[in-house]
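Input: a single structure, listed below in structure tokens.
Chains as they are written, first to last, in the numbering used here: chain A, 2 to 402; chain B, 2 to 402.
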């Protein structure tokens, strides 16, 4: 829905909406069984829910586009993912609660291992511990990159950190120094236009100075940067939809996305069970709860079919705790498909269920790709998920006389 | 379909199209039976038709939007309902055959009851008779509202009337005087900009003078106005689709919508049986017949589940008379859903059947939400209904070489 129209139709109500996103949920059939991950899982709670729900398949971006996590989630939050884009670096920065300012440039950083010949031998520096990473980040903070640019370096998890540049007129269109493969040296960052050259120069000075300061820190003796980005100007959920929204995500990136949309990050703990407990605890404070579960995607990315099945079953076991909240609208879906047989994100539409008092349901349904394809909602844009939740929550006025 | 493309592809033919709109047709399951209104109805003729038809669900505006009657019908007539909008007042004016001019402003009026303390005690003045309303309208016609604005007041049905203002440079964006609730006084109309203030001033003078002239006419001792609107500039069906179209509606608003699209209003009588007889009578004069049946929506709005079921059965009994016409394309659908369990219009997509010689059908199908959800047409925009009828009628040329 157009967001200006959304502003005119949205109205407050007492109803509660829960959006449970199982990252990378959609799958493909295993060659041995012909069954997808969802069809292979023993998931009685999700199946019971499906029989009480409207089913469909969401299209995150378009028929053929494989979305990253950013577009996949922005669509679920009601944004046109082709219009609103969030760079990786900015996602990471917001996700660790870094206080980003509108003109800041953020980048995703990796500690990496540089071999004696100057090429990259490990893009993740042997996945050094979060603790070790914190120590090394300290070394990088004092680097002077000149050009009147202030520098912030913040640890994330393991080998990951965030670099933030603050100054006037910084260029955003900077190429990555991370070549995304080993056996080659790090790249020099380049600006897409002359105005950005002082910024790319500063980035390259940072990379060089970092290598000097990390010379004795192998396997973390270098840094790689990618995803240079400014803050996108996302219309806020409270303004567009009159929703007080909470985001509950263990992983920083998804917490960051939720915050960019205007959600308040509530504690997530370390497990889905703790996330749901947190939603219980904060139930009275918000209208809308986004709960993010990462591990279906992780298993899919690893090509681990049984692992993804097990993760679905793990979620299934938590569904009763979620149902105890008795939300007016409960949605279970994914931000995109990550079929284990592809070991990657894919373009396939994503299983979707919406439970409320006002659905067209099919009592024989189970929660899988096939039933969802035959569901009453058909295949529809993921961008319509939030408006649909609003409609079922009694929060959208009639359009036209 | 884009209307410019429609102009280039449309071609005349001898074929006949009938579009039967059962207002508010779509429903939701009854909590006792799990069956929708269509599933609960005994409707052998519609079911037989469904087995010979292509089935689908139409989306009137978008996934989550609950349409008013205006957008619901404009979509069925091939217009983008977000681009073309018709205000309530203009609908009413055209529907009573008032000869609207392009610069006129029309408003929907209600006679109402004003209590001794100046607040509204009944927004419909006890639904006074059409006859009584006609007498009171006479009293309002002579009111002088100044500002060189000519005034027309026309009775509609029962407590309803239409107010039309005619003059140069009238403001269209006027707020309603009808607060849409009782226990509060009527509102003063306000213009959204300075240019509209003479118009809102005239409206407020009308309201005051009307109260004086109706002082002894309780329960109809006041007036409420809403839906101020000009004529929308709708491309005409004859021009876009090369169709000579007839509209057959008992209710003025739907007759008005059809006329705005360029249809000729043919007599409708008082029942669906009489409407179908009228279509028989005018069969040779037109290519396209829009037949509007109101009472499925009325029962739905009243929350009367068995009533809506009975209305569907009433329509079903008339299907053979419609089939006697042997139209090349017969469509049965609704302009939106009005589930009796919600007692209101809703956003749910609408059951749709199209019978022609060139459909993909499913012999086991019946006419209901579930079969339509699984139909060969899927869920598709209502705006594509008219183009689809044109295609099945052999009236659309091939696109591209």
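Yeah, the Cβ is synthetic: ideal placement off N, Cα and C, and Gly gets one too.
Checklist entry - So which residues of chain A does residue 29/B contact, with C-beta pairs closer than 7 Å? => result The contacting residues are 359 and 361.
Next on the checklist: Could you tell me the alpha carbon to alpha carbon distance between residue 223/B and residue 376/A, rounded to whole angstroms?
Outcome noted: Per the coordinates, the alpha-carbon of residue 223/B lies some 50 Å from the alpha-carbon of residue 376/A.
Next on the checklist: Using the three-state DSSP reduction, which class does residue 114/A fall into: helix, strand or coil?
Outcome noted: Residue 114/A: strand per DSSP, three-state reduction.
Next on the checklist: For residue 301/B, report the span of its alpha helix (DSSP H) as first-last.
Outcome noted: Looking at the DSSP string, the run of the alpha helix (DSSP H) that includes residue 301/B is 296–302.
Item to check | Presumed contact (8 Å Cβ cut-off) between residue 389/A and residue 50/A, rounded CB distance | outcome: Separation of the CB atoms of residue 389/A and residue 50/A is rounded to 16 Å, and the pair is thereby denied contact status at 8 Å.
Next on the checklist: Taking the beta carbon of residue 247/A as the centre, do at least 16 other beta carbons fall within 10 Å, making it buried, or is it exposed?
Outcome noted: The residue is buried, with at least 16 neighbouring Cβ atoms inside 10 Å.
Next on the checklist: Quick check: the region 272–282 of chain B against the region 227–234 of chain B, are at least 3 beta-carbon pairs closer than 8 Å?
Outcome noted: Short answer: they don't touch.
Item to check | Close beta carbons around residue 72/B, own chain, < 6 Å, minus the five adjacent residues each side | outcome: Around residue 72/B: 62 and 82.
Item to check | Residues, ordered as in the chain, of the region 64–81 of chain B that lie near chain A by beta-carbon distance below 9 Å | outcome: Answer in chain order: 64, 65, 66, 67, 68, 69, 70, 71, 72, 73 and 75.
Checklist entry - Listed from N- to C-terminal order along the chain, which residues in the region 336–356 of chain B have their beta-carbon within a distance smaller than 9 Å of any beta-carbon of chain A? => result Hits within the stretch, in order: 340, 342, 343, 345, 346, 347, 348, 349 and 350.
Item to check | CB contact below 9 Å: residue 3/A versus chain B | outcome: Flagged as an interface residue toward chain B: residue 3/A, by a C-beta distance shorter than 9 Å.
Checklist entry - In the structure shown, what three-state DSSP assignment does residue 28/B receive? => result For residue 28/B, the secondary structure class from DSSP, reduced to helix, strand or coil, is coil.
Checklist entry - In chain order, what residues of the same chain lie with their CB nearer than 7 Å to the CB of residue 316/B, ignoring the 5 residues before and after it? => result Excluding residues within five positions, the ones whose Cβ falls inside 7 Å are 23, 273 and 294.
Checklist entry - By DSSP, does residue 36/A sit in helix, in strand, or in coil? => result Annotated three-state conformation of residue 36/A is coil, per DSSP.
Checklist entry - Using a Cβ-Cβ cut-off of 6 Å (strictly less than) and excluding sequence neighbours within five positions of residue 4/A, which residues of its own chain qualify? => result Taken in chain order, the residues that qualify are 236 and 241.
Item to check | Pairwise C-alpha distance: residue 53/A and residue 358/B | outcome: Cα-Cα distance, rounded: 37 Å.
Item to check | Contact set between the region 6–33 of chain B and chain A, restricted to residues whose Cβ is under 8 Å from the partner | outcome: For the region 6–33 of chain B, the set of residues with a beta-carbon nearer than 8 Å to any beta-carbon of chain A comprises 29 and 30, in chain order.
Checklist entry - Does DSSP classify residue 225/B as helix, strand or coil? => result Secondary structure at residue 225/B: strand, using DSSP grouped into helix, strand and coil.
Checklist entry - Residues in the region 378–401 of chain B with C-beta within 9 Å of chain A's C-beta atoms, listed in sequence order? => result Answer in chain order: 379, 380 and 381.
Checklist entry - Nearest chain A C-beta to residue 237/B closer than 9 Å, yes or no? => result No, residue 237/B does not count as interfacial toward chain A.
Item to check | According to DSSP, residues forming a beta bridge with residue 152/A | outcome: Residue pairing by DSSP places residue 152/A opposite 166/A in a beta bridge.
Next on the checklist: Taking 9 Å as the threshold (C-beta atoms), are residue 180/B and residue 188/B in contact?
Outcome noted: Against a cut-off of 9 Å, the Cβ pair of residue 180/B and residue 188/B comes out as a contact.
Next on the checklist: At a CB distance below 8 Å, what residues from the region 159–184 of chain B approach chain A? Give them in sequence order.
Outcome noted: Result list empty, no residue passes.
Next on the checklist: Given this structure, state the Cα-to-Cα distance separating residue 319/B from residue 46/B, to the nearest angstrom.
Outcome noted: Here the alpha carbon of residue 319/B sits roughly 9 Å from the alpha carbon of residue 46/B.
Checklist entry - In chain B, which residues lie less than 9 Å from residue 364/A when you measure between Cβ atoms? => result Within 9 Å Cβ-Cβ: 35.
Checklist entry - Taking only beta-carbon atoms, is residue 189/A less than 9 Å away from chain B? => result Contact of residue 189/A with chain B is not assigned, every C-beta pair being separated by 9 Å or more.
Checklist entry - Does DSSP put residue 250/A in a helix, a strand or coil? => result Of the three classes helix, strand and coil, the one that applies to residue 250/A here is strand, per DSSP.
Checklist entry - For residue 67/A, does the three-state DSSP call read helix, strand or coil? => result It is coil, neither helix nor strand.
Next on the checklist: Only counting the same chain, and skipping five residues up and downstream in sequence, which positions put a Cβ closer than 6 Å to that of residue 348/A?
Outcome noted: The answer, listed in chain order, is 65, 66 and 67.
Next on the checklist: When you compare the CB positions of residue 18/B and residue 267/B, do they come within less than 9 Å of one another, or not?
Outcome noted: In this structure, the beta-carbon distance from residue 18/B to residue 267/B does not fall below 9 Å.
Checklist entry - Thinking just about the alpha-carbon of each residue, which of 126/A, 145/A, 146/A and 147/A is nearest to the one in residue 137/A? => result When 126/A, 145/A, 146/A and 147/A are compared, the shortest CA-CA separation from residue 137/A is found for 126/A.
Item to check | DSSP-derived helix/strand/coil call for residue 123/B | outcome: If DSSP states are grouped into helix, strand and coil, residue 123/B belongs with the strands.
Checklist entry - Residues of chain B with CB under 9 Å from residue 375/A, in chain order? => result What residue 375/A touches in chain B: 374 and 375.
Item to check | Outcome for residue 21/A when other beta-carbon atoms lying within 10 angstroms are tallied against a minimum of 16 | outcome: Residue 21/A is classed as buried because its beta carbon has at least 16 other beta carbons within 10 Å across all chains shown.
Checklist entry - Looking at residue 396/B and residue 299/B, is the spacing between their C-beta atoms short of 9 Å? => result No. Outside cutoff.
Item to check | Endpoints, the alpha helix (DSSP H) within which residue 12/A is located | outcome: In the DSSP assignment, residue 12/A falls outside any alpha helix (DSSP H) and carries neither an H nor an E.
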